[in-house]
Amino acid sequence: MEFINILLIEDNPGDILLTQEMLEEIELPHELESITNGEAAIDHLTNISENPHFTRPDLILLDINIPKKNGHEILSFTKNNSKLKEIPVFILTTSSSPIDMEKCRENNAQDYFIKPLEEDRFREAVIRQLNFNF
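FYI, in UniProt numbering the residues of the sequence shown are 1 to 134.
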């Protein structure tokens, strides 16, 4: 498997650490970049779409409940941008709301995980998605 770039949009330091640990357990050669609020995420994604010098992520891991702009806004922005829409987005959230799940499906999220994450399911989904894209 190739080296991949992962963008984690998550405001909880504990969840950032747990996600990093799970990615290391998968033994996935990766670079993880974390952004902790929605405004910064939109700015970063805008830069990626407009400037070829910014590294485009191979996978976005997105929390719905983050400050400044929520995950739904970020997902919609990503999937409606012609230069970003092909990036797979996995939702990692505490929300088990059917409304949140449906919004994410409507905006083409690749998968939806409720925290605490089921490690085996998360691992399989990441590997499956990355094998599909590479």
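Glycine is no exception: its CB is placed at the ideal position from the N, C-alpha and C atoms.
Since we're looking at a predicted model, the values are computed, not measured.
Can you tell me whether residue i is helix, strand or coil according to DSSP?
i, result
"N107", "coil"
"H72", "helix"
"F134", "Here the model assigns F134 a pLDDT of 44, short of 50, so the residue's position is not dependable and the matter cannot be decided."
Given residue i, which residues of its chain have a CB within under 7 Å of its CB, disregarding the five upstream and five downstream residues?
i, result
"I64", "N70, G71, H72, I91, T93, S95 and D100"
"V89", "I60, L62, L75, T78, A109 and Q110"
Taking the C-alpha atoms as reference points, what is the distance between residue i and residue j?
i, j, result
"E2", "R128", "13 Å"
"Q110", "P13", "24 Å"
"Y112", "H53", "30 Å"
"E10", "A41", "10 Å"
"N80", "L45", "12 Å"
"E31", "N51", "19 Å"
"R121", "C104", "18 Å"
"K85", "E102", "18 Å"
"L117", "S82", "30 Å"
Distance cutoff 9 Å, beta carbons only. Does residue i sit that close to anything in chain B?
i, result
"L61", "Within the model displayed, chain B is absent; a lone protein chain is all it includes."
Excluding the five sequence neighbours on either side, which residues of its own chain have a C-beta within less than 6 Å of the C-beta of residue i, listed in chain order?
i, result
"L7", "E33, P57 and I60"
- Item | Start-end ranges of the alpha helix (DSSP H) lying completely within the UniProt domain "Response regulatory" (5-130), minimum 4 residues | 13-25, 38-50, 71-79 and 98-106
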